[in-house]
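Residue 1 is where the sequence shown starts when you use the UniProt record's numbering, and the numbers rise one by one after that. Ideal placement from N, C-alpha and C gives every residue a C-beta, glycine not left out. Working notes, beginning with the structure itself.
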Amino acid sequence: MSGHGTPIPMTARAGNPLKGIADVPGDKSISHRSLILGALSVGETRVTGLLEGEDVLDTAEAMRAFGATVERQDGTWIVHGVGVGGFAEPSDVIDCGNSGTGVRLIMGTMATSPVTATFTGDASLRGRPMGRVTDPLSLFGTRAYGRQGGRLPMTIVGAKDPVPVRYVLPVPSAQVKSAILLAGLNAPGETVVIEKEATRDHTERMLAGFGATVRVEDAAEGRVITLTGQPELRAQTIVVPRDPSSAAFPVCAGIIVPGSDVLVPNIGLNPTRAGLFTTLREMGADLSYENQREEGGEPVADLRARFSGSLKGIEVPPERAASMIDEYPILSVVAAFAEGPTVMRGVKELRVKESDRIDAMAQALRAAGVEVEEGPDWWIVHGRGADGVQGGVTAESRLDHRIAMSCLILGLASRQAMQVDDGSPIATSFPIFETLMRNLGADLVRA
1 MSGHGTPIPM TARAGNPLKG IADVPGDKSI SHRSLILGAL SVGETRVTGL
51 LEGEDVLDTA EAMRAFGATV ERQDGTWIVH GVGVGGFAEP SDVIDCGNSG
101 TGVRLIMGTM ATSPVTATFT GDASLRGRPM GRVTDPLSLF GTRAYGRQGG
151 RLPMTIVGAK DPVPVRYVLP VPSAQVKSAI LLAGLNAPGE TVVIEKEATR
201 DHTERMLAGF GATVRVEDAA EGRVITLTGQ PELRAQTIVV PRDPSSAAFP
251 VCAGIIVPGS DVLVPNIGLN PTRAGLFTTL REMGADLSYE NQREEGGEPV
301 ADLRARFSGS LKGIEVPPER AASMIDEYPI LSVVAAFAEG PTVMRGVKEL
351 RVKESDRIDA MAQALRAAGV EVEEGPDWWI VHGRGADGVQ GGVTAESRLD
401 HRIAMSCLIL GLASRQAMQV DDGSPIATSF PIFETLMRNL GADLVRA
């Protein structure tokens with residue numbers, strides 16, 4: 001499947017219970033960062049378990065364009081880095097496809113090197129605002145020239161004499177935080193990022209693992225992350241844990257499809273990423289953690305999800321939003337099969353993802369017979385119970401992988417089949433989704 005080619009309509013309908021083991025791909029966030037930090041290191045970084053979806057492959061190609069050597073050998077990715085400040089100027093435009101994470105992290109990485117690069121992406125990415133990243137990067141001395149509204153295509157002129165930055169995040173965003181920290185690597189002195197609400201912390205963990213000096217402190221103003229600039233990063237061997245955001249789809253399918261019992265092994269449960277699973281358990285889902293352990297400094301467990309016919313709607317704490325922001329579309333599907341309203345607040349970030357995810361899911365759920373209320377920073381799904389969702393409509397994926405997958409999972413438990421107009425964007429993050437779900441017993445076909 002390709003997020004850039006001919007649309008691929010797909011249909012999902014209720015059928016057999018879902019049974020078996022769902023081996024989901026590697027964590028996308030860690031995959032992006034492994035390639036980027038490997039490219040900034042001295043020596044050979046080896047990465048196993050890398051997510052080989054289009055988003056991550058586009059980041060690999062970008063690192064090559066900036067001068068790093070990136071190769072795949074027998075399932076292991078090998079990166080020969082150029083060191084902090086060693087990026088060469090790309091000879092062509094950097095195409096980041098559908099990946100907001102990729103483009104924003106790469107912009108930050110090159111922002112304090114004296115090179116110029118032009119970035120573009122697919123129609124969805126070209127519609128997303130970049131000012132939230134380019135504004136703080138300008139404090140280093142970086143310049144950005146894009147379309148109206150701060151949109152791609154955009155040319156970034158790296159700072160020749162960067163200065164360190166102290167920046168308070170106006171809204172919780174791991175992408176913005178990470179872009180600033182990556183820019184701070186090639187700036188002298190200490191770069192400081194302050195976040196009022198904790199977001200996923202893979203960048204801080206991995207920077208420390210590669211040899212950077214990073215301090216994280218809790219203060220009255222929030223979580224203070226301090227990075228000492230101009231380190232020599234040391235190449236690493238990385239085993240990428242499996243992606244909790246991808247695991248969300250077979251887990252939630254197992255919870256809402258009658259008779260199901262699905263095991264999803266080796267899932268990263270970093271506390272800044274595991275909010276969905278906490279929420280599902282609060283709703284009464286039969287979801288258990290098995291074989292809990294730690295791998296590479298990250299908590300990991302096998303997740304077992306069984307059909308849960310007595311789900312209850314809840315109010316999700318707004319402070320949990322940052323730990324599950326990508327999972328609200330699939331949570332809204334589970335909420336449709338619960339009794340009573342599920343209230344989600346503090347989620348305005350969903351309005352500026354690959355699509356307006358609140359609007360996209362609200363439209364799909366309403367068409368399928370579910371009442372949804374929404375506002376700028378909140379939405380409420382009024383659940384219809386385990387057997388109450390009609391389905392029987394075609395939803396627009398809007399070039400958004402998570403919308404496409406969420407609507408297909410909806411179809412696996414609805415009274416009538418659900419179709420998405422284009423399943424091709426799924427390849428950006430979960431290229432084996434179709435095969436994996438079919439192997440569990442899902443009636444999922446290309447229409």
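Open item on the list: Going by DSSP in three states, THR109 sits in which element: helix, strand or coil?
Closed with: Position 109 of the sequence shown holds residue 109. Three-state DSSP puts THR109 in a helix.
- [ ] Could you check what DSSP says for ASN186 in three-state terms: helix, strand or coil?
- [x] Stepping through the sequence shown from its first residue, residue 186 is reached at position 186. ASN186 falls in the coil class under three-state DSSP.
- [ ] Within its chain, find whatever has a CB closer than 8 Å to the CB of LYS28; leave out the 5 residues flanking it on each side and keep chain order.
- [x] Residue mapping note: residue 28 aligns to position 28 of the sequence shown, counting from 1. Here the set comprises LEU51, GLY53, ASP55, VAL56, THR101, ASP243, SER245, SER246, SER429.
Open item on the list: For a minimum of 3 consecutive residues, which ranges assigned as the beta strand (DSSP E) are wholly contained in the stretch 10 to 73?
Closed with: 10 to 13, 19 to 21, 44 to 48, 69 to 73
Task: Whole-angstrom distance between VAL115 and ALA159, CA atom to CA atom - done: The residue you call residue 159 lines up with position 159 of the sequence shown. The residue you call residue 115 lines up with position 115 of the sequence shown. The straight-line gap from Cα to Cα measures roughly 8 Å.
Task: Contacting residues, own chain, Cβ-Cβ under 8 Å from SER2 (five flanking each side not counted) - done: Position 2 of the sequence shown, counted from the first residue, corresponds to residue 2. Note on SER2: pLDDT 38, under 50, position unreliable in the model; no value is reported.
Task: Coarse secondary structure for MET437, derived from DSSP in three states - done: Position 437 of the sequence shown, counting from 1, holds the residue named residue 437. Helix at MET437.
Task: DSSP state of MET1 mapped onto helix, strand, coil - done: Residue mapping note: residue 1 aligns to position 1 of the sequence shown, counting from 1. For MET1, the predicted structure reports a pLDDT of 36, less than 50, and the residue's modelled location is therefore unreliable. A value from the coordinates is still provided. In the structure shown, MET1 sits in coil (DSSP, three-state: anything other than H, G, I, E or B).
Open item on the list: Could you compute how far the alpha carbon of ARG398 sits from the alpha carbon of ASP422?
Closed with: Looking up residue 398 in the sequence shown gives position 398. Looking up residue 422 in the sequence shown gives position 422. Going by the C-alpha atoms only, they are around 8 Å apart.
Task: Proximity of ALA322 and VAL370 at Cβ, strictly below 8 Å - done: Reading the sequence shown from its first residue, position 322 is the one you call residue 322. Reading the sequence shown from its first residue, position 370 is the one you call residue 370. Against a cut-off of 8 Å, the Cβ pair of VAL370 and ALA322 comes out as no contact.
TODO: Flag this pair as touching only if the stretch 8 to 25 and the stretch 401 to 418 have three or more C-beta atom pairs under 8 Å; answer yes or no.
DONE: yes
Open item on the list: Assuming ASP122 and GLY97 are in contact, meaning their beta carbons sit under 8 Å apart, how far apart are those beta carbons, in whole angstroms?
Closed with: Within the sequence shown, the letter at position 122 stands for residue 122. Within the sequence shown, the letter at position 97 stands for residue 97. About 6 Å; that satisfies the 8 Å criterion.
- [ ] Measure the C-alpha to C-alpha separation of PRO17 and THR118 and round it to an integer number of angstroms.
- [x] Translated into positions along the sequence shown, residue 17 becomes position 17. Translated into positions along the sequence shown, residue 118 becomes position 118. Taking the straight line joining both Cα atoms gives about 48 Å.
Open item on the list: Taking the alpha carbon of THR435 as the reference point, which residue from GLY83, VAL70, PRO250 has its own alpha carbon closest?
Closed with: Counted from its first residue, the sequence shown places residue 435 at position 435. THR435 has its Cα closest to that of PRO250, out of GLY83, VAL70, PRO250.
- [ ] Inspect the beta-carbon positions of LEU181 and LEU227 and report whether they are closer than 8 Å.
- [x] Against the sequence shown, residue 181 aligns to sequence position 181. Against the sequence shown, residue 227 aligns to sequence position 227. Yes; because the gap between Cβ atoms is below 8 Å, this pair is in contact.
Task: Whole-number beta carbon distance between VAL47 and ILE267, since they are thought to touch under 8 Å - done: For the purposes of this step, residue 267 is taken as residue 267 along the sequence shown, with counting starting at 1. For the purposes of this step, residue 47 is taken as residue 47 along the sequence shown, with counting starting at 1. Wrong, their Cβ atoms sit about 18 Å apart, outside the cutoff.
- [ ] Using the Cα positions of VAL193 and TYR167, report the straight-line distance between them to the nearest angstrom.
- [x] Here residue 193 is taken as the residue at index 193 of the sequence shown, counted from 1. Here residue 167 is taken as the residue at index 167 of the sequence shown, counted from 1. About 5 Å.
TODO: Helix, strand or coil for ALA208, going by three-state DSSP, please let me know.
DONE: Residue numbering aside, residue 208 sits at position 208 when the sequence shown is read from its first letter. The answer is helix: DSSP assigns ALA208 an H, G or I state.
Open item on the list: Can you look up ARG132 in the DSSP assignment and give me helix, strand or coil?
Closed with: In the sequence shown, residue 132 corresponds to position 132, counting from 1. Three-state result, ARG132: helix.
Task: For LYS196, the three-state DSSP class (helix, strand or coil) - done: Counted from its first residue, the sequence shown places residue 196 at position 196. The answer is coil: DSSP assigns LYS196 none of H, G, I, E or B.
- [ ] Please report how far the alpha carbon of LYS196 lies from the alpha carbon of GLY222, in whole angstroms.
- [x] Working through the sequence shown from its first residue, we reach residue 196 at position 196. Working through the sequence shown from its first residue, we reach residue 222 at position 222. Roughly 4 Å separates the two Cα atoms.
Open item on the list: For the alpha helix (DSSP H) containing GLU272, name the first residue and the last one.
Closed with: By one-based count along the sequence shown, residue 272 stands at place 272. Note that residue 272 is Thr in the sequence shown here, rather than Glu. Element bounds for THR272: n/a, residue is neither H nor E.
Task: Which of helix, strand or coil DSSP assigns to PHE277 - done: The residue given as residue 277 occupies position 277 in the sequence shown. In the structure shown, PHE277 sits in a helix (DSSP, three-state: H, G or I).
TODO: Starting from GLN363, follow the alpha helix (DSSP H) in both directions and report where the run begins and ends.
DONE: Stepping through the sequence shown from its first residue, residue 363 is reached at position 363. It spans 357 to 367 - the alpha helix (DSSP H) in which GLN363 sits, taken as one unbroken run.
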